[in-house]
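Structure first, then comments.
There are 2 protein chains.
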Amino acid sequence: MAKELKDLTKRSEDYSKWYNELVTKADLAEQSAVRGCMVIKPYGYAIWEKMQQTLDRMFKETGVQNAYFPLLIPKSFLCREAEHVEGFAKECAVVTHYRLKNDPNGNGVVVDPDARLEEELIVRPTSETIIWGTYKNWIHSYRDLPVLCNQWANVMRWEMRTRMFLRTAEFLWQEGHCAHATAEESEARTVQMINLYADFAEKYMAMPVIKGVKSANERFAGALNTYTIEAMMQDGKALQSGTSHNLGQNFAKAFDVTFINKDNQPEYVWANSWGVSTRLMGALIMTHSDDNGLVLPPHLAPIQVVIIPIYKNSEQLAEISKTVEPIVEQLRALGISVKYDDAENRRPGFKFADYELKGVPVRLAIGARDIENGTVEVMRRDTLEKQVEPLDGIAARVQALLEEIQTNIYQKALKHREEMTREVDTYEEFKKEIEKGGFILAHWDGTVETEEKIKAETKATIRCIPLEGDKTPGVCMVTGKPSAQRVIFARNY
Amino acid sequence: MAKELKDLTKRSEDYSKWYNELVTKADLAEQSAVRGCMVIKPYGYAIWEKMQQTLDRMFKETGVQNAYFPLLIPKSFLCREAEHVEGFAKECAVVTHYRLKNDPNGNGVVVDPDARLEEELIVRPTSETIIWGTYKNWIHSYRDLPVLCNQWANVMRWEMRTRMFLRTAEFLWQEGHCAHATAEESEARTVQMINLYADFAEKYMAMPVIKGVKSANERFAGALNTYTIEAMMQDGKALQSGTSHNLGQNFAKAFDVTFINKDNQPEYVWANSWGVSTRLMGALIMTHSDDNGLVLPPHLAPIQVVIIPIYKNSEQLAEISKTVEPIVEQLRALGISVKYDDAENRRPGFKFADYELKGVPVRLAIGARDIENGTVEVMRRDTLEKQVEPLDGIAARVQALLEEIQTNIYQKALKHREEMTREVDTYEEFKKEIEKGGFILAHWDGTVETEEKIKAETKATIRCIPLEGDKTPGVCMVTGKPSAQRVIFARNY
């Protein structure tokens with residue numbers, strides 16, 4: 001482990017290489033034998049599970065229930081909503097057969113040509129179509145509404161260039177699909193969920209985000225309007241971290257889902273969908289981690305505190321263990337996840353490096369002299385500061401320190417974003433500034449043409465039209481036409 | 494709802510129809526537009542979630558960690574273990590293409606023939622092959638062992654005859670995959686997990702099970718030995734509810750996974766795998782439910798107690814609500830999941846029938862007169878007995894009643910199984926008895942031939958060679974050859 005840590009590329013040398021190495025070395029994930037698909041390893045999955053549990057609780061508090069819909073979607077379903085199929089057709093995994101057989105010509109096991117499906121099935125890239133095909137049977141009257149379902153699932157988009165967590169052919173996510181009786185209620189839920197995602201990002205991931213609306217170009221295929229939360233990574237690139245789509249009546253029309261409204265009239269149902277994925281793992285890593293490895297926010301760390309004994313012989317170890325035991329109990333009683341690592345086959349130096357690499361927020365080291373003095377060495381992962389403290393009352397102080405770390409890394413990320421966000425008024429200046437990374441607030445005339453020209457010339461996209469902040473109108477930096485407000489440009493993951 | 498309940502077919506009329514109707518009417522699941530795949534509805538999913546959470550905690554207490562492996566398996570991986578591919582080839586969903594396109598001849602969206610995969614990918618029917626392909630990189634020394642991973646996932650087996658929960662083309666499950674340094678350790682883990690499943694079935698599902706070993710014929714494809722838990726449904730049929738496979742070194746050999754053992758020698762790794770699936774939902778339903786609907790064990794019921802106000806006007810409702818509020822709080826403080834259903838758009842009679850259909854273990858009904866008298870009507874779902882009780886101390890009594898129900902339905906199921914289990918010594922008698930359903934303990938000579946003859950002639954299979962109980966040897970009821978012990982025969986789901 002110590003060796004592996006030493007080998008970690010520095011961020012300043014090659015950020016992208018640092019990321020890939022860290023994902024592997026910290027045991028988060030690895031490439032699988034299947035093109036573009038990753039294996040999420042136990043330590044990485046434990047972080048994802050904490051995200052899932054937190055989000056799941058937050059969803060349920062708003063009345064959402066979980067359900068499960070089929071993995072495979074009939075091709076004809078995917079094609080019902082014109083923009084939707086246009087958006088996903090190019091990256092679909094297609095099931096065409098349902099059986100293998102022994103080749104009569106001795107070529108081993110082959111696809112059985114007699115087992116061709118009448119209609120091809122698509123591995124879901126997202127589930128709007130199969131779900132709205134189902135909702136048709138669930139919804140008849142306004143009394144059946146709202147329907148507020150979420151599913152935790154795997155989805156597949158055949159991406160050509162993949163990176164672990166950030167862009168993989170298969171990924172894990174949750175997708176919420178709500179049906180409402182009115183446009184207003186559906187819009188309110190769409191906004192409620194983007195606010196929920198922003199809360200989760202800020203309070204649990206310690207990751208500041210900007211809430212905004214996507215330009216038409218970047219909208220979900222089939223949506224009227226897409227809300228997004230955008231985060232800034234350490235290298236100044238943007239990462240879209242969650243989206244919530246107001247789908248209007250598009251899917252209800254495509255699947256003929258109507259209800260009898262309060263005025264006793266048939267009406268198409270109003271829809272929204274919203275999701276976050278294992279991409280958040282990439283966002284978490286690139287928001288906080290450093291050249292020593294992961295830095296995890298205490299609110300999502302599978303191990304929040306590790307305790308490492310420093311000893312020369314088994315008598316010393318026994319004595320240390322006796323002292324540590326009640327501390328472990330006190331920490332657990334405070335709801336803190338703690339690991340006492342007294343494994344004898346790894347030296348303390350190895351353990352130190354390993355838990356640093358894995359981003360454990362607080363490390364306590366305790367040796368024979370500490371026992372004599374009634375002290376313990378406390379190290380915080382975010383700043384790597386070490387301090388010798390009295391053992392007495394340590395549990396409560398560790399609890400406070402975890403909160404301090406949570407706040408500190410959020411503030412650090414926020415400061416970084418603020419420093420790398422600036423207003424630009426001319427396209428000339430924009431082209432220079434975009435090379436330096438970060439978010440650029442600039443005026444834009446609202447047209448797809450201008451957006452695409454900027455993207456083609458600078459690789460920058462409109463991340464969002466921010467919901468909060470300065471709403472002063474101006475003129476487009478490219479065309480000089482009127483602009484309603486500044487929007488955020490950035491290069492992105 | 495009341496109408497739907499009235500329409501529920503009686504078990505004595507048509508057990509199979511009763512089951513299908515109940516799954517739909519109780520909002521557990523429904524058929525989807527995709528052949529053989531179901532939609533798990535929110536209420537059904539909430540029960541599955543309780544199963545998941547319980548099992549997940551039990552797994553983790555034994556040191557197991559969760560991880561995630563790819564959905565799609567290269568065909569060549571599936572083919573590496575000869576028996577394994579033989580077992581699964583006939584029911585595989587095969588991905589052959591990765592893109593759709595607009596047909597140049599105007600036939601809409603079609604599979605793009607230029608996007609054919611070089612190697613077909615199989616939607617996982619189970620993950621031994623992809624996981625052992627991965628473990629090869631994880632395991633080098635005995636110090637890397639054991640590896641104890643589980644994944645919660647969807648899998649696909651292209652079944653021709655499907656029934657909701659019991660046999661579906663796609664189903665949800667968990668699959669544990671452990672790697673060990675010795676045969677003994679792997680066998681111990683295999684047995685540990687079948688014991689864990691039995692504990693779960695009995696303590697949470699209130700479903701008695703028999704632990705045993707599968708005959709060679711019924712073994713998992715690629716295993717040395719399969720342990721099973723077998724439950725008896727109300728109609729006397731057996732339902733295999735969980736399996737744990739000792740895989741020996743078969744998959745390690747197929748994927749060349751070796752490690753340096755303590756004697757510094759290379760050795761193939763020892764493996765086991767174990768799983769339960771959404772099939773358990775079917776088992777739960779068919780163990781306890783009745784002609785009025787579901788009967789859920791309190792330990793897995795999403796709603797354990799429902800409270801229904803009986804009122805004539807809003808003043809009465811307000812007064813009842815004021816009385817109910819502290820009871821709800823007391824129940825919640827005891828960790829009991831409670832719903833106060835004061836919805837005004839459904840009459841009490843409808844609510845009663847609905848919660849009976851949904852199997853809520855305890856119902857409290859409280860009216861204006863109860864307020865005056867300080868009483869409440871308590872109904873237990875398992876026996877449908879009603880009793881008027883003092884409000885004072887009701888929370889503690891409800892808690893005790895929930896445990897009583899849990900025990901009672903277990904005992905009832907156990908009694909049913911015992912009554913429908915008998916020893917038979919001649920094949921003549923066997924043929925008569927098997928028609929009556931239930932488990933038959935009979936002697937068998939241990940050969941595949943005899944087993945297949947019995948199956949062909951009576952549709953009964955060997956459910957297991959029980960681990961516990963009478964081990965007296967005897968002679969095979971068919972061939973008269975020696976038999977080591979009686980085995981369990983039954984018709985099965």
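Protein chains in written order, with the working numbering: chain A, 1 to 493; chain B, 494 to 986.
All C-beta atoms in this analysis are idealised placements derived from N, C-alpha and C, irrespective of residue type, glycine included.
Bear in mind the structure is a predicted one, so any value in this text is a computation, not a measurement.
Is A672(B) near V640(B), with beta carbons less than 8 Å apart?
yes
Between A694(B) and chain A, is any beta-carbon pair separated by less than 8 Å?
no
Can you give me the C-alpha to C-alpha distance between A198(A) and R57(A), rounded to a whole angstrom?
15 Å
Under 9 Å from the C-beta of S277(A): neighbouring residues of chain E
Considering every chain present, this structure includes no chain E. Its protein chains are A and B.
According to DSSP, what are the bridge partners of W270(A)?
H180(A)
According to DSSP, is V578(B) helix, strand or coil?
helix
Using beta carbons (cut-off 8 Å, strictly below), is M494(B) in contact with chain A?
Unreliable placement is indicated for M494(B), whose pLDDT of 42 sits below 50; no coordinate value is reported for it.
Can you find a C-beta in chain B that's less than 8 Å from the C-beta of V126(A)?
In the sequence as displayed, the identity of residue 126(A) is Thr instead of Val. Output row for T126(A): interface = no.
Can you tell me whether M872(B) is buried or exposed? The criterion is at least 16 other CB atoms within 10 Å of its CB, across all chains shown.
buried
Using C-beta distances below 7 Å, list every residue in its chain close to L824(B), excluding the 5 sequence neighbours before and after it, in chain order.
V798, V831, A888, V891
Would you call D263(A) buried or exposed, if buried means 16 or more other Cβ atoms sit within 10 Å of its Cβ?
exposed
What did DSSP end up calling I210(A) once you bin it into helix, strand or coil?
strand
If you count every other CB in all the chains shown that lies within 10 Å of the CB of G176(A), and 16 or more means buried, which is it?
buried
Taking Cβ positions, are A283(A) and A231(A) nearer each other than 8 Å?
yes
Counting only runs of 4+ residues fully inside the segment 634 to 699 of chain B, write out the alpha helix (DSSP H) ranges in chain order.
676 to 696
Residues within the segment 845 to 865 of chain B neighbouring chain A, beta-carbon criterion of under 9 Å:
none
Do we get a CB-CB distance below 8 Å when we pair V527(B) with the residues of chain A?
yes
Of the residues that make up the segment 67 to 90 of chain A, which ones have a beta carbon closer than 8 Å to any beta carbon in chain B?
A67, Y68, F69, P70, L71, L72, I73, P74, K75, F77, L78, C79, V85, A89, K90
Have a look at E652(B) and K322(A) and give me their C-alpha separation to the nearest angstrom.
57 Å
DSSP-derived helix/strand/coil call for R874(B)
coil
For I40(A), which residues in chain B fall below 7 Å Cβ to Cβ?
A560, Y561
For the candidate residues C79(A), F59(A), M164(A), V39(A), whose alpha-carbon lies nearest to that of I623(B)?
V39(A)
Check S289(A) in the structure and name its three-state DSSP category.
coil
Where does H792(B) sit, in a helix, a strand or coil, going by DSSP?
coil
Can you tell me which of G715(B), W666(B), E928(B), R956(B) puts its alpha carbon nearest to the alpha carbon of R573(B)?
G715(B)
Beta strand (DSSP E) segments (min. 3 residues) lying fully within the segment 383 to 423 of chain A:
386 to 390, 421 to 423
Which word fits G36(A), buried or exposed, when buried means at least 16 other C-beta atoms lie within 10 angstroms of its C-beta?
buried
State buried or exposed for Q151(A), treating a residue as buried only when at least 16 other CB atoms are found within 10 Å of its CB.
buried
Less than 8 Å between the beta carbons of V917(B) and I902(B), yes or no?
no
Taking only beta-carbon atoms, is A93(A) less than 8 Å away from chain B?
yes
Using only alpha-carbon positions, find the residue among A271(A), V376(A), V209(A) that is nearest to H416(A).
V209(A)
Using a cut-off of 8 Å between C-beta atoms, extract the partners of E542(B) located in chain A.
N66
Give the straight-line distance between the Cα atoms of F489(A) and L239(A), rounded to the nearest whole angstrom.
12 Å
To the nearest angstrom, how far is it from the Cα of P563(B) to the Cα of Q31(A)?
10 Å
Which value, in whole angstroms, describes the spacing of the CA atoms of T780(B) and L850(B)?
15 Å
Indicate whether the contact test is met: 3 or more Cβ pairs, each with one atom in the segment 439 to 455 of chain A and one in the segment 211 to 220 of chain A, closer than 8 Å.
yes
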